[in-house]
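Here's the structure, in structure tokens; my notes come after.
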Amino acid sequence: TGHGSLMLGSWPSGPVTPAMMALEALLQQANLNPICVENARSHVWRKALLNSAINPVCALAGVENGIMLERHDLLESGLELLREAMDVGHALGVEQPSPVEAATDVIDVLTATATNRCSMLEDVRRGRRTEIDALNGAVVDLGEEAGVPTTRNAQITALVRAVDADHSRSAL
Numbered sequence: 001t002g003h004g005s006l007m008l009g010s011w012p013s014g015p016v017t018p019a020m021m022a023l024e025a026l027l028q029q030a031n032l033n034p035i036c037v038e039n040a041r042s043h044v045w046r047k048a049l050l051n052s053a054i055n056p057v058c059a060l061a062g063v064e065n066g067i068m069l070e071r072h073d074l075l076e077s078g079l080e081l082l083r084e085a086m087d088v089g090h091a092l093g094v095e096q097p098s099p100v101e102a103a104t105d106v107i108d109v110l111t112a113t114a115t116n117r118c119s120m121l122e123d124v125r126r127g128r129r130t131e132i133d134a135l136n137g138a139v140v141d142l143g144e145e146a147g148v149p150t151t152r153n154a155q156i157t158a159l160v161r162a163v164d165a166d167h168s169r170s171a172l
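Here's what the structure looks like:
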């Protein structure tokens, strides 16, 4: 799927219906960049994989996305988060890309958005709560349910939550 696309599909999967295609056409006229998909769960998971691998690393390091490509330690941290999340997805039976495809997706997104600051970094800089619980925190929760270790995701979730809590305290 394209970065920033609006996705339409049956949950968790199913054929693209005429109603979806009609809605896609209307949304296209509004320049909202829609796409219809048959396996919505897989597409959502793939986007979550990317965000959980990139956003918390860039947010904590305070860097634009492209810096992850220049710093092996940051890229490796993101790829470890990705691997754990993929293990959870596998245990849950979510259709997902191969590990090589997923890593390539991360590199492609980092390349395409090299000068961007991810939303989590912007939230940290502005003292707003981040989406860590919906990303890496969800990986941890799902991993617990599936019996899959998620040590790295738990660590990064705790670190970002600490930044969130620090901002909350300083706002008082």
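Position one of the sequence shown corresponds to residue 1 (the numbering used here), numbered consecutively onward. The beta carbon of each residue, even a glycine, is placed where N, CA and C say it ideally should be.
Could you check whether Ala53 and Leu121 sit closer than 8 Å to each other, using their CB atoms as the reference points?
Here residue 121 refers to the residue found at position 121 when the sequence shown is read from its first residue. Here residue 53 refers to the residue found at position 53 when the sequence shown is read from its first residue. Taking 8 Å as the cut-off, the Cβ atoms of Leu121 and Ala53 do not count as close.
Cβ-based burial, Gln28 [other Cβ within 10 Å; buried from 16]:
Translated into the one-based positions of the sequence shown, residue 28 becomes position 28. Counting the other CB atoms within 10 Å of its CB gives Gln28 a total below 16, which places it among the exposed residues.
Rounded to the nearest angstrom, how far is the Cβ of Leu49 from that of Leu82, given a contact under 8 Å?
Numbered from its first residue, the sequence shown carries residue 49 at position 49. Numbered from its first residue, the sequence shown carries residue 82 at position 82. A Cβ-Cβ separation of about 6 Å places Leu49 in contact with Leu82 under the 8 Å criterion.
Given that a residue counts as buried once 16 or more other Cβ atoms are within 10 Å of its Cβ, and exposed if not, what is Ser98?
Residue numbering aside, residue 98 sits at position 98 when the sequence shown is read from its first letter. By the Cβ-count criterion, Ser98 is exposed, with fewer than 16 other Cβ atoms from all chains shown falling within 10 Å of its own Cβ.
Taking the alpha helix (DSSP H) that Pro99 belongs to, which residues open and close that run?
Position 99 of the sequence shown holds residue 99. For Pro99, the enclosing alpha helix (DSSP H) covers residues Pro99 to Ala112.
What does the Cβ neighbour count give for Ala112, buried or exposed, with the cut at 16 atoms within 10 Å?
Reading the sequence shown from its first residue, position 112 is the one you call residue 112. By the 10 Å Cβ count, Ala112 comes out exposed.
Compare the C-beta of Ala91 with all C-beta atoms of chain D and state if any pair is closer than 8 Å.
Going by chain labels, chain D is absent from the structure shown, which holds only one protein chain.
Short of 7 Å in beta carbon distance, which residues of its chain neighbour Asn65, apart from the five on each side in sequence? Order them along the chain.
Residue numbering aside, residue 65 sits at position 65 when the sequence shown is read from its first letter. Within its own chain, the residues whose Cβ lies closer than 7 Å to the Cβ of Asn65, once the five positions on either side in sequence are excluded, are Ile54, Cys58, Leu110, Thr113, Ala114, Asn116 and Cys118, listed in chain order.
For the stretch 87 to 95 against the stretch 136 to 154, do three or more pairs of beta-carbon atoms, one drawn from each stretch, fall closer than 8 Å, so that the two count as touching?
Contact holds: three or more Cβ-Cβ distances are below 8 Å.
Locate the beta strand (DSSP E) running through Ile132, then write down its first and last residues.
Translated into positions along the sequence shown, residue 132 becomes position 132. Element bounds for Ile132: n/a, residue is neither H nor E.
Other residues of its chain near Val163: CB distance less than 8 Å, five sequence neighbours each side excluded
Mapped onto the sequence shown, residue 163 falls at position 163. By the criterion of a C-beta distance shorter than 8 Å, Val163 is surrounded in its chain by Ala59, Leu60, Val124 and Thr130, once the five residues flanking it on both sides are discounted.
Within the continuous alpha helix (DSSP H) that includes Pro149, where are the two ends?
As a first step, residue 149 must be located in the sequence shown, where it is residue number 149. Here Pro149 belongs to no alpha helix (DSSP H), and DSSP marks it neither H nor E.
Assigned secondary structure, Pro56 (DSSP; H/G/I helix, E/B strand, else coil)
What you label residue 56 is simply residue 56 of the sequence shown in a count that begins at 1. Collapsing the DSSP output to three states places Pro56 in a helix.
Pro34 lies in the beta strand (DSSP E); which residues open and close that run?
Indexing the sequence shown from 1 puts residue 34 at position 34. Where Pro34 is concerned, the enclosing beta strand (DSSP E) stretches over Pro34 to Cys36.
Can you give me the C-alpha to C-alpha distance between Met133 and Thr157, rounded to a whole angstrom?
To locate residue 133, count along the sequence shown from 1; it is residue 133. To locate residue 157, count along the sequence shown from 1; it is residue 157. Reading the sequence as shown, one finds Asp at residue 133 and not Met. Cα-Cα distance, rounded: 7 Å.
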